[in-house]
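Taking it in order: structure first as structure tokens, then the write-up.
2 protein chains.
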Amino acid sequence: MNATYGSSMKPVINRIYMNHPGKLCLHTITTRPWPVETAAKKYAAAGIGGISVWREALAGRDLVKIGRMLGEEGLEVVSLVRGGFFPDTDAGKRRAAIEENKRALEEAAALTAPLLVLVCGADPRQSPEDSRKQIFDGILALIPHAETLGVKLGIEPLHPMYADTRSAINTLKQATDMAIRSDSDRVGVVVDVYHLWWDPNLEPEIARCGQSGKLFAFHISDWKVPTADLLNDREIMGRGCIPVPRIRKWVEAAGFRDYLEVEIFSNRYWEGDQDKYLSEIIEAYKKHS
Amino acid sequence: MNATYGSSMKPVINRIYMNHPGKLCLHTITTRPWPVETAAKKYAAAGIGGISVWREALAGRDLVKIGRMLGEEGLEVVSLVRGGFFPDTDAGKRRAAIEENKRALEEAAALTAPLLVLVCGADPRQSPEDSRKQIFDGILALIPHAETLGVKLGIEPLHPMYADTRSAINTLKQATDMAIRSDSDRVGVVVDVYHLWWDPNLEPEIARCGQSGKLFAFHISDWKVPTADLLNDREIMGRGCIPVPRIRKWVEAAGFRDYLEVEIFSNRYWEGDQDKYLSEIIEAYKKHS
């Protein structure tokens, strides 16, 4: 009986730890040249299980139809990317940002995406502390709408090189603290190795984030050496200096069992053959993630 | 008597808090197109009190002569920039790096520079933890030589965007912890607003660094919005998003009374008129530092 039980458990355990494509999710921006319809067909044909959809890929589309199409392709919608950008010295613009985020939540619901990823924003005309207060106020204002729609909010801490305009949340500790302070199970954190790999407290902070029930998503890519562009020069896993498998172990030790989401911005790869690039990503996912 | 005492104290207090050029120090790399001899004459003529000399500016020079020349111009040599780059997967190269740093300490002594600034290095082929261990070992190996020569070692934490190859020390906390762990009053920290402004713990960490007697130097510049180049696109104070006067207050509240050192790397400014640029820096130092 024990032997039977053991062998019947094995495939489950293997499925959790093995890098089969079903556990892989791609962000549409990774293969930016492909329209969302092409991306869906290509990802599904490659056996990829999940898709995170960027709002820029949805311009002019019927979202309910796109959500249905993704389901028919056998893809699980993992998240909508991205809301946020709450801070502004002008109160009217802060109110407008909250309205824009409500629309993003509605888009996520229409797509059947359970999570809206937040790039929280920063206004360089004010102190980081002021921007952080406005981010927190913005998130609080969205919680009722998020609850009604059944969509979660994921605070993504961004690399400190984006602290001027993209996010005043630059460490995992800040993001977890803010998610806990929100006092809502709708609010959690998105851990992205590209933004956080350098942090000397990453391992204990990942553990704390998971223990707090706040580890909502996990993004992977690599840091190119040398990096020529602050925005669009990311690498495929295994080709840069981020210890992705090590960080993945920390994330799984913290209880995370969801998709590994590949999010690569790269002018170089976008200029190349997207089919070849996709197969390189899947290979790297199997060997270096 | 009290009134006399009070008025005799005033100029001293004012000299500490006023931004007269005598408290200003320039890094030679800031005006990179000028040879060190030109830089010395121009800085002195502008009433600047200090100079930090980059090793690249010393190629082919007699260091004792240069040190004497700087003194004759009325400039105090604040630091030699830069040593460091300790980590390497190859043990032979780590030993070579230590020898190179001993030469840098000797150059500092010849120049009458009391401080060698350390850009600690990182090897992307190994984990940040391994690089940090090698940095610590390298610093420990230098302490006897630093004591003999009377030169201090300043650990400069670098912005996380340089964590791949330039430094695995990316927060003030890490630098202060390492300086304390060295158990030597020769080892301290260089606080540079460009590298640290985004850190949510900056104010308490500056206080702790000062209380520990480890705050050896203070570098200023600004973060350009947007930044086009990871290395050479810094701004003059007041033209970017770093709250320099606020951070300066924290540094002075921590007991720091030494030079404000302007260290700007900028392809844009290096291409322009260096005399105009120098006067803009002095103006910005008076108004935005």
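Residue numbers (the numbering used here), protein chains in the order written: chain A, 1 to 289; chain B, 1 to 289. For every residue, glycine included, the Cβ atom is placed at its ideal position computed from N, Cα and C.
Hey, quick one: how far does the alpha helix (DSSP H) through residue i stretch, first residue to last?
i	result
residue 192 of chain B	Per DSSP, residue 192 of chain B belongs to no alpha helix (DSSP H); it is in the beta strand (DSSP E), 187-192.
residue 149 of chain A	128-149
residue 281 of chain A	274-288
residue 178 of chain B	172-181
residue 202 of chain B	202-211
residue 270 of chain A	267-271
In this structure, does DSSP put residue i in helix, strand or coil?
i	result
residue 12 of chain A	Below a pLDDT of 50, predicted positions are generally treated as unreliable, and residue 12 of chain A, at 42, falls in that range; the measurement from the model is reported next regardless. Here residue 12 of chain A sits in helix by DSSP.
residue 77 of chain B	strand
residue 66 of chain A	helix
residue 2 of chain A	Low per-residue confidence applies at residue 2 of chain A: pLDDT is 40, beneath 50, and the placement is therefore not dependable enough to give any value.
residue 261 of chain A	strand
residue 115 of chain A	strand
residue 152 of chain B	strand
residue 253 of chain A	helix
residue 217 of chain B	strand
residue 32 of chain B	coil
residue 121 of chain A	strand
residue 82 of chain B	strand
residue 7 of chain B	Low confidence applies here, because residue 7 of chain B scores a pLDDT of 42, under 50, leaving its location unreliable and the question unanswered by this model.
Tell me the DSSP bridge mates of residue i?
i	result
residue 51 of chain A	A:26, A:77
residue 234 of chain B	B:223
residue 247 of chain B	According to DSSP, which records beta bridges pairwise, residue 247 of chain B is partnered with nothing at all.
residue 184 of chain A	According to DSSP, residue 184 of chain A bridges with nothing at all.
Measure how close the beta-carbons of residue i and residue j come, nearest whole angstrom, since I'm counting them as under 8 Å.
i	j	result
residue 97 of chain A	residue 138 of chain A	6 Å
residue 25 of chain B	residue 260 of chain B	7 Å
residue 87 of chain A	residue 168 of chain A	7 Å
residue 28 of chain B	residue 274 of chain B	The Cβ separation is near 12 Å, so there is no contact.
residue 131 of chain A	residue 141 of chain A	Actually they are not in contact, since the Cβ atoms of residue 131 of chain A and residue 141 of chain A sit about 16 Å apart, beyond 8 Å.
residue 79 of chain B	residue 154 of chain B	7 Å
residue 258 of chain B	residue 218 of chain B	7 Å
residue 134 of chain A	residue 94 of chain A	6 Å
residue 223 of chain A	residue 241 of chain A	5 Å
residue 202 of chain A	residue 146 of chain A	The Cβ separation is near 27 Å, so there is no contact.
Skipping 5 residues on each side, what residues in its chain have a beta carbon closer than 6 Å to that of residue i?
i	result
residue 58 of chain A	none
residue 159 of chain A	195
residue 82 of chain A	117, 119
residue 8 of chain B	Low confidence applies to residue 8 of chain B: its pLDDT is 42, below 50, so where it sits in the model is not reliable, and the reading given next is rough at best. Closer than 6 Å at Cβ, skipping near neighbours: no residue.
residue 108 of chain A	80, 116, 151
residue 89 of chain B	123, 125, 126
residue 128 of chain B	168
residue 37 of chain A	none
residue 214 of chain A	176, 179, 188, 189
Given residue i, which residues of its chain have a CB within under 7 Å of its CB, disregarding the five upstream and five downstream residues?
i	result
residue 15 of chain A	Residue placement at residue 15 of chain A is poorly supported in this model, since its pLDDT is 41, which falls under 50; the coordinates still yield a value, given next. Around residue 15 of chain A: no qualifying Cβ.
residue 210 of chain B	254, 255, 256
residue 264 of chain A	30, 221, 234, 236
residue 208 of chain A	176
residue 77 of chain B	51, 53, 67, 70, 111, 112, 113
residue 164 of chain B	122, 124
residue 289 of chain A	19, 220, 237, 244, 245, 248, 260
With respect to the beta strand (DSSP E) encompassing residue i, which residues constitute its N-terminal and C-terminal limits?
i	result
residue 105 of chain B	It is not in any beta strand (DSSP E) - residue 105 of chain B instead sits in the alpha helix (DSSP H) that spans 91-111.
Ignore the nearest five residues each way along the sequence and tell me which others in residue i's own chain have a CB closer than 8 Å to its CB.
i	result
residue 199 of chain B	171, 172, 205
residue 136 of chain B	178, 181, 182
residue 73 of chain B	40, 41, 43, 44
residue 262 of chain B	24, 25, 26, 27, 30, 219, 220, 221, 237, 281, 285
residue 75 of chain B	40, 43, 44, 48, 49, 50, 51
Output yes if chain C places a C-beta closer than 7 Å to the C-beta of residue i; else output no.
i	result
residue 164 of chain B	Protein chains in the displayed structure are A and B, and chain C is not among them.
For the ligand NAD, is there a heavy atom less than 6 Å away from the beta-carbon of residue i?
i	result
residue 155 of chain A	The model depicted lacks the ligand NAD and carries no ligand whatsoever.
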